[in-house]
Amino acid sequence: PLLGDGGPATLAAVLRLAPDRVPLRTAMGGWGRLLAAGEDVSARADALEGTFPRFSAARHPRSAVGVSRDGRTVWLVAVDGRSTASVGMTFGELAPALRALGAWDAMNLDGGGSTTLVLDGRVANAPSDPSGERPVGNALVVTVPDASARACPAPVPTRATSWDVRDADRTPRKAP
C-alpha cells in the first residue's frame with residue numbers, strides 16, 4: 002500500500018544501463034571510479050561520482066578492485082589505515098598504485114572499518130576497527146574451482162604487496 006491512501010499500488014521497474022552502447026560483460030558497484038579506460042579519474046571523483054573531499058581526498062582504509070586492459074586479471078586490494086602502522090590512502094594515491102599493479106579500470110569499493118581481506122579463511126590485513134573484523138552486508142567473493150577441474154591460470158600470491166605513501170611527494174612507491 003502507498004502511504005497516505007491505504008490502497009494497493011503496482012510498481013513497474015525497468016532495469017537497464019544507459020546509454021547501452023555495447024552488450025554488458027561486467028557490472029560492478031562501488032563508490033568512486035579511480036581508473037577508467039587507463040585514465041586516472043581519481044582527481045575528478047567528486048564531480049564525476051558525487052564523492053566529497055573528506056572521503057576522496059582524505060586518507061582512509063580502502064577496499065578496491067582493478068581489472069587489466071584485456072579483462073583477464075583482477076586485483077583485489079585492501080589498504081589498511083587509521084593506525085600507527087598504516088596511514089591509509091587517498092583516491093589520488095590509490096589510483097596510481099592500482100595502475101602500477103597493471104589495472105586499466107579500477108574502482109573504490111568500500112573503506113574504513115569495512116576494509117577486510119580474507120584469504121583461505123584468514124583475515125590477511127589489519128582492519129581499523131578496535132574490535133577487528135566488522136560485520137558487513139556485502140562481499141566480493143572469489144573462488145577457485147577444484148584443482149582437478151582446471152589449473153589456476155596465474156600463481157596465487159603468497160604475501161601482500163606493501164606500498165609506502167609517506168614520501169614527501171605522496172607518490173606511491175613499492176616498499177622493500
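2 is the number of the first residue of the sequence shown in my numbering; add one for each residue after it. All C-beta atoms in this analysis are idealised placements derived from N, C-alpha and C, irrespective of residue type, glycine included.
R45, DSSP secondary structure in three states: helix
Under 9 Å, do M90 and G103 count as touching if we go by C-beta distance? no
Just tell me which of V119, W105 and G133 has its CA closest to the CA of T144. V119
Return the CA-CA distance between T116 and S69, expressed in angstroms with no decimal places. 22 Å
Straight-line gap, A127 to T11 (C-alpha atoms, nearest Å): 47 Å
Quick check: what's the CA-CA separation for R160 versus A107? Residue confidence for R160 is low, a pLDDT of 47 falling below 50, so the modelled location carries little weight and cannot support an answer.
Where DSSP assigns a beta bridge to R123, which residues make up the other side? L120
So the candidates are G114, G122 and D71; which of them puts its Cα closest to the Cα of S1? Residue 1 is absent from the model: the chain starts at 2 and stops at 177.
Cβ-Cβ separation, N109 to G31 (assumed contact under 8 Å), whole Å: 6 Å
Label G216 either buried or exposed according to how many other C-beta atoms from any shown protein chain fall within 10 Å of its C-beta, with 16 as the threshold for buried. For the chain, the structure presents residues 2 to 177; residue 216 sits outside this window and is missing.
Do you know how far the Cα of S129 is from the Cα of S43? 23 Å
Backbone secondary structure at L102 - three-state DSSP: helix
Nearest candidate by alpha-carbon position, reference P97, set S64, D41, L141 and A48: D41
DSSP state of E40, grouped into three classes? strand
Other residues of its chain near H61: CB distance less than 7 Å, five sequence neighbours each side excluded: G82, G89, G112 and G113
Distance check for V80 and A86, CA to CA, integer angstroms please. 11 Å
Kindly list the residues whose CB is nearer than 6 Å to the CB of F56, restricted to its own chain and excluding five residues on each side of it in sequence; keep chain order. none
According to DSSP, is A65 helix, strand or coil? strand
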